[in-house]
Amino acid sequence: MQASIGKACAETPGGNHGVSGVSARGELPTLAAEPIERTGDDPDERRFCTQCLNLRGGACIIAKPGGLVSAIVGYRPALPEMLQRCAGYSPNADDPDQRPGHERWPGLSNYPKGAK
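Numbering (our numbering), first residue to last: 3 to 118.
Structure (structure tokens):
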């Protein structure tokens with residue numbers, strides 16, 4: 003499965019003073035309509051909510067106060083197309099890494115080790 007995110011615009015004329023993505027005037031890039039493709043070869047291990055089996059009908063089905071996704075029941079991510087690390091992530095069949103979020107990013111939760 004390939005997902006897309008907004009592509010950062012090229013830096014503005016005048017150079018970036020050694021800081022990637024920042025213009026000479028100190029402006030951050032804006033998002034353009036052109037998507038970029040993400041593949042399993044991407045070194046960025048974060049995932050989109052839309053790649054998670056726990057997102058159904060736009061709502062996170064495991065969200066509950068004090069849970070892996072500590073939020074209100076029926077929580078709807080405001081930006082499901084934003085890359086993130088989530089302890090409640092459940093990989094879909096197309097994800098080359100089938101570990102759940104609490105195993106991929108163990109520092110995100112107090113999930114007991116060895117629990118399934």
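Just so you know, even glycine gets a beta-carbon here, dropped at the ideal spot from N, CA and C.
Exposed or buried, residue i, counting other C-beta atoms within 10 Å across all chains shown (16 or more means buried)?
{"i": "Pro98", "result": "exposed"}
{"i": "Arg87", "result": "exposed"}
{"i": "Arg58", "result": "exposed"}
{"i": "Arg49", "result": "buried"}
{"i": "Ala89", "result": "buried"}
Suppose you measure from the CA of residue i to the CA of residue j; what does that come to, to the nearest Å?
{"i": "Leu70", "j": "Pro45", "result": "25 Å"}
{"i": "Ser72", "j": "Leu110", "result": "11 Å"}
{"i": "Leu51", "j": "Met84", "result": "For the record, residue 51 in the displayed sequence is Cys; it is not Leu. Approximately 8 Å, taken between the alpha carbons."}
{"i": "Gly68", "j": "Glu47", "result": "25 Å"}
{"i": "Pro108", "j": "Arg101", "result": "11 Å"}
{"i": "Glu105", "j": "Cys54", "result": "14 Å"}
{"i": "Asp96", "j": "Asn56", "result": "15 Å"}
{"i": "Lys66", "j": "Arg78", "result": "12 Å"}
Would you kindly check if the distance between the Cβ of residue j and the Cβ of residue i is under 9 Å?
{"i": "Gly60", "j": "Pro93", "result": "no"}
{"i": "Gly2", "j": "Tyr91", "result": "This structure cannot settle anything about residue 2, because the visible part of the chain is limited to 3 through 118."}
Length at least 3, wholly inside the segment 66 to 104: the beta strand (DSSP E) runs in chain order:
none
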